[in-house]
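**Student:** Here the protein sequences line up with chains A and B, keeping their order. The C-terminal residue of the first sequence carries number 604 in the working numbering, and the numbering is unbroken. The C-terminal residue of the second sequence carries number 1190 in the working numbering, and the numbering is unbroken. Every residue gets a Cβ at the ideal spot worked out from N, C-alpha and C, and that includes glycine. None of the values given here were measured: they were computed from a predicted structure.
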Amino acid sequence: VNASPTVASLRAALPFVALTLAAQPPTFSHDVAPVIYANCVACHRVGGAGPFPLLTYRDVRSHARQIAALTKAHYMPPWPPAAGSPEFLDERRLTAREIEMLTRWANAGAPQGSPEETPAPPVFSDGWQLGTPDLIIRASKPLNLPASGSDVFWNFVFDPRLTMTRYVRALEIRPQGEPDVRGPSPKPEGSQSIHHANLLIDRVGSTARLEASPGSGFPGMDVTIDRNPLDPESHFLFWKPGTLPYSEPKGFSWRLDPGNLLVLNTHVEPSGKPRQITPALGLYFTDEAPSRFPIVIELDRDDLLDIPSGAKDFVVSDRFRIPADSDLLAIYPHAHYLARLMEVSLTLPDGTEFPLLRIPDWDLKWQAVYRYRKPVFLPKDSIVFLRYHYDNSSGNRRNPNSPPKRVEAGNKATDEMAHLWLQLLPRGPGDRRRLIQTTVLEHKLEKNPRDYAANLNLGALALSRLDAQAAVSFLRTAIAIEPAHPEPHDMLGSALLNLGRLADAAAQFRAALRFQPDFMNAHYNLSRVLARTGDLKAAILEYQPVAKAYAASARIQTEYGFLLYRDGKKTEARSQFEKALTLDPTYADALRGRDLTASAETPR
Amino acid sequence: MLPSLLGKAFELTFLLSTATLAGDFSLGVLDLNNQALDPFAPPARTRVFLFVRSDCPITNRYAPELQRISAEFSRQGAVFFRVYADNSDTKAAIEEHGREYGFPGIALRDPEHRLAKRSHATVAPEAAVFDLRGKLAYYGRIDDRYVEVGKSRPQAQVHDLEAAIRSVLNGQQPVALHQPAVGCSLADVQ
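1) Would you call the CB atoms of F88 (chain A) and Y388 (chain A) closer than 8 Å?
2) What residues match up with D1138 (chain B) in a beta bridge as DSSP calls it?
3) Quick one: what's A1107 (chain B) bridged to in DSSP?
4) If contacts are defined as beta-carbon pairs under 8 Å, then R138 (chain A) and L256 (chain A) qualify, I think. What distance do you get, rounded to the angstrom?
5) So Y1062 (chain B) contacts chain A; which residues on that side make the cut at Cβ distance below 8 Å?
6) State the DSSP-derived secondary structure class of Q423 (chain A), mapped to helix, strand or coil.
7) How should G1171 (chain B) be labelled, buried or exposed, when 16 other C-beta atoms within 10 angstroms of its C-beta is the threshold for buried?
8) So for I137 (chain A), helix, strand or coil by DSSP?
9) Which of the three DSSP states is assigned to T352 (chain A) in this structure?
10) Under a three-way DSSP split, which group does T558 (chain A) fall into?
11) Just checking my contact of A280 (chain A) with E211 (chain A) at CB under 8 Å: how many whole Å lie between their CB atoms?
12) Closer than 9 Å, Cβ to any Cβ of chain E: which residues of the region 1145 to 1158 of chain B, in chain order?
13) Tell me whether A339 (chain A) sits in a helix, a strand or coil according to DSSP, three-state version.
14) Is there a Cβ from chain B that is less than 8 Å from the Cβ of S309 (chain A)?
15) Just to confirm before moving on: does the CB-CB distance between T163 (chain A) and P258 (chain A) stay below 8 Å?
16) Find out if the Cβ-Cβ distance for the pair T558 (chain A), D535 (chain A) is shorter than 8 Å.
17) Under 8 Å between C-beta atoms, does P1180 (chain B) make it to chain A?
18) From which residue to which residue does the beta strand (DSSP E) around H334 (chain A) run?
19) Measuring only the C-alpha atoms, how far is N448 (chain A) from G242 (chain A)?
20) For V60 (chain A), collect the residues of the same chain with a Cβ closer than 8 Å to its Cβ; drop the 5 residues on either side in sequence, then sort them by chain order.
21) Along the chain, which unbroken stretches of the beta strand (DSSP E) at least 3 residues long are found entirely within the region 233 to 288 of chain A?
22) Taking the alpha-carbon positions, what's the G220 (chain A) to L262 (chain A) distance?
23) Do the CB positions of V376 (chain A) and L328 (chain A) come within less than 8 Å of each other?
24) So, with DSSP's three-state summary, where would you put H1113 (chain B)?
25) Just reading off the alpha helix (DSSP H) that P1057 (chain B) is part of, what are its end residues?
26) Return the Cβ separation of L641 (chain A) and I331 (chain A) in integer angstroms, given the expectation that the two are a contact with Cβ distance under 8 Å.
27) Against chain B, with Cβ distances strictly below 8 Å, would F377 (chain A) count as a contact?
28) Below 8 Å on the Cβ atoms is my guess for T357 (chain A) versus S527 (chain A); work out the distance and round it to an integer in Å.
29) So H1120 (chain B) is in the alpha helix (DSSP H); what residue range does that whole segment cover?
30) Whole-angstrom Cβ separation of E1126 (chain B) and G1028 (chain B), contact assumed at under 8 Å?
31) Cβ atoms of I322 (chain A) and D381 (chain A): under 8 Å apart, would you say?
32) Pairs of beta-carbons, one from the region 283 to 294 of chain A and one from the region 263 to 271 of chain A, closer than 8 Å: are there three or more?
33) Following the continuous beta strand (DSSP E) through E298 (chain A), name the residue where it begins and the one where it ends.
34) By Cβ distance below 6 Å, which residues in the same chain neighbour P133 (chain A) in space, the five residues on each side in sequence not counted?
35) Is H334 (chain A) buried or exposed, if buried means 16 or more other CB atoms sit within 10 Å of its CB?
36) Look at the Cβ atom of D431 (chain A), then the Cβ atom of F218 (chain A), and state whether they are nearer than 8 Å.
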């Protein structure tokens, strides 16, 4: 009986308590600083990627309303993927409660609270984040960024000048350049003008044809770097603001060979004053060769991109069947200014579907590689499905064309793209990338049988598994599409040589040399065919440029020696073997060659 | 050479006039030496106030455009001021900001935000154009490049400030009195 008044008074008291709690505004020290320190200061610090620091009460107070508005709009912190897909590394997303708190704080006049309650701000170093790198490389030439104008898409070229193959376990990309060795500058520039940067390895000299002079760099939003299909892309080497450099897990190092160049593809925004930008790279080596072999695959629907002017929701989609049990390590979507909603999902063999990535409002400026916190298992026969939506109306304020016009696929900012890169690690021991790669290329051919690169690469893969018949068919198609490219002729020659068709093979090597007279592979191959037909004089002539180009290769010098020996030129042959042995004193073939030629000179 | 000489002469006249004329100091506007001054005192065909924040990336990105506009209209008798509402900006910092980005206009402080209030300015960068008689003729964005913070067009399509100054110099009303501006909040600084 006595209980009821108590309950009644409690009920009466509760709303009062709630009111007092609501009326108590959040303070910087107690509520705001922990959120800002955890989510903002990696960029918003002196010398960071953000345009102003947010480290002190004064810093944060002088942006209070802006912080409230931009967090509410989900523009800051910049994290385009929506919640709901498997968790990514370095996710930077505020909770609804945090966003609401920041608004209440701004509305309350941004009170400080008691300063002694403020947590210690995180400490940052402007130096190399993983310690002194084993190799520091500066871009060969700086970019002179004007004060104003449209965004600049620039590719910096780095020459590591390696003399031996190295394995890289970590990489720090510093768009703002090397740390100042004179110590912290009072007003460091930071990397504010740069939104994202993607490092590509040029193993076959692609940059030479893109640059005006070696090392000068070159413009371009999307770069095509040729790859040997037997040595596919394996890692994402990406920089985004405020993220610590990524260290590869054990076994996942990547190879850098002498002669390789590195190309940093950047998106730079003029900031109101002219700037000179000279990015730097820090490489950390390991002696351990890779024992895990991930592969970066590319899905694209550029073939469907023909977006009518004014189209508000133009959709392209693609589905790719995973050919072998694999783990998905990272994902990188890409389009230009018209794309809005991007969806990537996975359908398991049992029909279960779940999102891998969903970006509700794509913004080219904040594009990034997303690494999954835990690898996502993609069982054999599961399907990766991508669907990109494009808005080519004048309602899309990012539309680069005003008035809107018909847009097709291409590399310019006014063109569009529909790309998705996935980093997959096939399950099981050893290097199992070949199957995945073949399936990706076949998938490309299904969409476009006249895809030159797909035909060429499938030809190369067939050749590598000694399926010469299949190689001939792919390579003939590639030649029909691009008759003047030397590579497919050279590979077709090799395939025909495998089938014993020597005269046809020689004709193909000659065709390759017609289109590229200094194509050493073709000279080498032609020399082999000529030697097999017994025309040693012609074979020697053909080998000469190869021996000259590879003056530092013991193997090439030795082979040349044997060719000369077979033609009876023992003295010349002997000098070749000597030359090879100065390069590598233990090279067995050269030792054998020297013995052969030595005994020939011994008087009987 | 002539336009820049005229511009200099104008600035000089203005500085002399602030020193000698007693004007309306009720706005609480200060020069960089914290001396009260009345930006409405000297005669001018039109006065353009540019509200800026030295730490605002959108403000800074507009520097070259503001330079272009001021170069064009200064020689026609428009006087440009750039107004700092943040009291923590030192004289040296303001001068450095002007030099670094090449900002046009005579630097002023608006410590009590009264000039901002009179100009209805709420963000940086934002402009206010007053006519010969000191009447507010236009206030708001410089152009339509920014749609919202973080969302901008590749190029501006409508150059509101430029059009407004031209109208006022021609003795006409600008097409619109106001176009909302996108930028960094002025109320955030004290």
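**Tutor:** According to the structure shown:
1) Reading the first sequence from its first residue, position 88 is the one you call residue 88 (chain A). Reading the first sequence from its first residue, position 388 is the one you call residue 388 (chain A). The answer is no: Cβ separation not under 8 Å.
2) Along the second sequence, read from residue 1 onward, the residue named residue 1138 (chain B) stands at position 138. Going by the sequence as given, residue 1138 (chain B) is Tyr instead of Asp. Y1138 (chain B) pairs with B:V1129.
3) Position 107 of the second sequence, counting from 1, holds the residue named residue 1107 (chain B). In the DSSP output, where bridge partners are listed per residue, A1107 (chain B) has B:R1082.
4) Indexing the first sequence from 1 puts residue 138 (chain A) at position 138. Indexing the first sequence from 1 puts residue 256 (chain A) at position 256. No, R138 (chain A) and L256 (chain A) are not in contact; Cβ-Cβ is about 16 Å, not under 8 Å.
5) Taking the second sequence and counting its residues from 1, the one referred to as residue 1062 (chain B) is at position 62. In chain order: G272.
6) Reading the first sequence from its first residue, position 423 is the one you call residue 423 (chain A). In the structure shown, Q423 (chain A) sits in a strand (DSSP, three-state: E or B).
7) Here residue 1171 (chain B) refers to the residue found at position 171 of the second sequence. The residue is exposed, with fewer than 16 neighbouring Cβ atoms inside 10 Å.
8) The sequence position of residue 137 (chain A) within the first sequence is 137, counting from 1. I137 (chain A) falls in the strand class under three-state DSSP.
9) Counting from 1 along the first sequence, the entry for residue 352 (chain A) is found at position 352. Three-state DSSP puts T352 (chain A) in coil, outside helix and strand.
10) What you label residue 558 (chain A) is simply residue 558 of the first sequence in a count that begins at 1. Helix at T558 (chain A).
11) Taking the first residue of the first sequence as 1, we reach residue 280 (chain A) at position 280. Taking the first residue of the first sequence as 1, we reach residue 211 (chain A) at position 211. The pair is not a contact, with the Cβ atoms about 19 Å apart (cut-off 8 Å).
12) Judged by its chain identifiers, the structure shown contains no chain E, and its protein chains are A and B.
13) Within the first sequence, residue 339 (chain A) is the residue found at index 339, counting from 1. Three-state result, A339 (chain A): strand.
14) What you label residue 309 (chain A) is simply residue 309 of the first sequence in a count that begins at 1. Taking Cβ atoms only, chain B never reaches closer than 8 Å to S309 (chain A), which makes this a no.
15) Walking along the first sequence from the start, residue 163 (chain A) turns up at place 163. Walking along the first sequence from the start, residue 258 (chain A) turns up at place 258. A contact, by the Cβ cut-off of 8 Å.
16) In the first sequence, the residue the question calls residue 558 (chain A) occupies position 558. In the first sequence, the residue the question calls residue 535 (chain A) occupies position 535. No, Cβ-Cβ distance for T558 (chain A) and D535 (chain A) is not below 8 Å.
17) Along the second sequence, one-based indexing puts residue 1180 (chain B) at 180. Closer than 8 Å: no.
18) Counted from its first residue, the first sequence places residue 334 (chain A) at position 334. Here the beta strand (DSSP E) through H334 (chain A) covers 326 to 334.
19) For the purposes of this step, residue 448 (chain A) is taken as the residue at position 448 of the first sequence. For the purposes of this step, residue 242 (chain A) is taken as the residue at position 242 of the first sequence. For N448 (chain A) and G242 (chain A), the distance between alpha carbons rounds to 40 Å.
20) As a position in the first sequence, residue 60 (chain A) is number 60, starting the count at 1. Once the five neighbours on either side are set aside, the close Cβ partners of V60 (chain A) are F28, V32, A33, I36, L54, I67, A110.
21) 254 to 256, 261 to 268, 275 to 277, 280 to 286
22) For this step, residue 220 (chain A) is matched to residue 220 along the first sequence. For this step, residue 262 (chain A) is matched to residue 262 along the first sequence. Looking at the two C-alpha atoms, the distance is approximately 15 Å.
23) Along the first sequence, one-based indexing puts residue 376 (chain A) at 376. Along the first sequence, one-based indexing puts residue 328 (chain A) at 328. Contact: yes.
24) As a working mapping, residue 1113 (chain B) is identified with position 113 in the second sequence. DSSP places H1113 (chain B) in coil when its eight states are reduced to three.
25) The residue given as residue 1057 (chain B) occupies position 57 in the second sequence. 1057 to 1061 is the span of the alpha helix (DSSP H), which, as asked, contains P1057 (chain B).
26) Summary: the structure shown does not reach residue 641 (chain A), with chain A confined to residues 1 through 604, and so no result is reported for it.
27) Position 377 of the first sequence, counting from 1, holds the residue named residue 377 (chain A). No, no contact with chain B.
28) For the purposes of this step, residue 357 (chain A) is taken as the residue at position 357 of the first sequence. For the purposes of this step, residue 527 (chain A) is taken as the residue at position 527 of the first sequence. Per the sequence shown, residue 357 (chain A) should be read as Leu rather than Thr. The Cβ separation is near 51 Å, so there is no contact.
29) As a working mapping, residue 1120 (chain B) is identified with position 120 in the second sequence. Unbroken run through H1120 (chain B): none, as it is neither H nor E.
30) Residue mapping note: residue 1126 (chain B) aligns to position 126 of the second sequence, counting from 1. Residue mapping note: residue 1028 (chain B) aligns to position 28 of the second sequence, counting from 1. Their Cβ separation, rounded to whole angstroms, is 19 Å, which puts E1126 (chain B) and G1028 (chain B) out of contact at 8 Å.
31) Along the first sequence, read from residue 1 onward, the residue named residue 381 (chain A) stands at position 381. Along the first sequence, read from residue 1 onward, the residue named residue 322 (chain A) stands at position 322. Yes, these two residues count as a Cβ contact at 8 Å.
32) no
33) By one-based count along the first sequence, residue 298 (chain A) stands at place 298. First-last of the beta strand (DSSP E) with E298 (chain A): 295 to 300.
34) Taking the first sequence and counting its residues from 1, one reaches residue 133 (chain A) at position 133. Excluding sequence neighbours, P133 (chain A) sits near G282, L283, Y284.
35) Counted from its first residue, the first sequence places residue 334 (chain A) at position 334. Counting Cβ neighbours within 10 Å, H334 (chain A) comes out buried, since at least 16 surround it.
36) The sequence position of residue 431 (chain A) within the first sequence is 431, counting from 1. The sequence position of residue 218 (chain A) within the first sequence is 218, counting from 1. No, the pair does not count as a contact, with Cβ atoms beyond the cut-off.
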